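Residue 233 in the numbering used here sits at position 77 of the sequence shown; the count goes up by one each step and never skips. Using N, Cα and C, we set each Cβ at its ideal position, and we do this for glycine too. These figures come from a predicted structure and were not determined experimentally. Here is the structure we will look at, set down as structure tokens.
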Amino acid sequence: MTPKIKFGIAGIIIAIIIILSFNVNSGNQLPHNVDSSGDVLRIGYFPNINHAQAVIGLGNGDFQKELGDVKVETQVFNAG
Numbered sequence: 157m158t159p160k161i162k163f164g165i166a167g168i169i170i171a172i173i174i175i176l177s178f179n180v181n182s183g184n185q186l187p188h189n190v191d192s193s194g195d196v197l198r199i200g201y202f203p204n205i206n207h208a209q210a211v212i213g214l215g216n217g218d219f220q221k222e223l224g225d226v227k228v229e230t231q232v233f234n235a236g
């Protein structure tokens, strides 16, 4: 075999390994009897135009509507 073919086969094998590794934990889910009423989502953001999604979503209550029983805690940052 030429080096070109060897590298091609090696590349295919590596690609297959990478693709299969993405599926290793895909079946893990929370059990159905887990109580999520104590869950908290913490959102930190800058109050500027670059973080408009957070500002508008929190202002309209969109996050809380979509998350249901999950408590939303926010933290506004003024610098990095």
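Beta-carbon gap between residue i and residue j smaller than 8 angstroms
{"i": "leucine 197", "j": "leucine 214", "result": "no"}
{"i": "aspartate 195", "j": "valine 228", "result": "no"}
Contacts around residue i, its chain only, beta-carbon distance under 7 angstroms, and the 5 residues preceding and following it disregarded
{"i": "histidine 207", "result": "Tyr201"}
Contact set for residue i: own chain, Cβ-Cβ below 6 angstroms, skip 5 residues either direction
{"i": "glutamine 231", "result": "Gly200"}
Among the options, the one whose alpha carbon lies nearest that of residue i
{"i": "asparagine 234", "options": "Val228, Ile212, Pro203", "result": "Pro203"}
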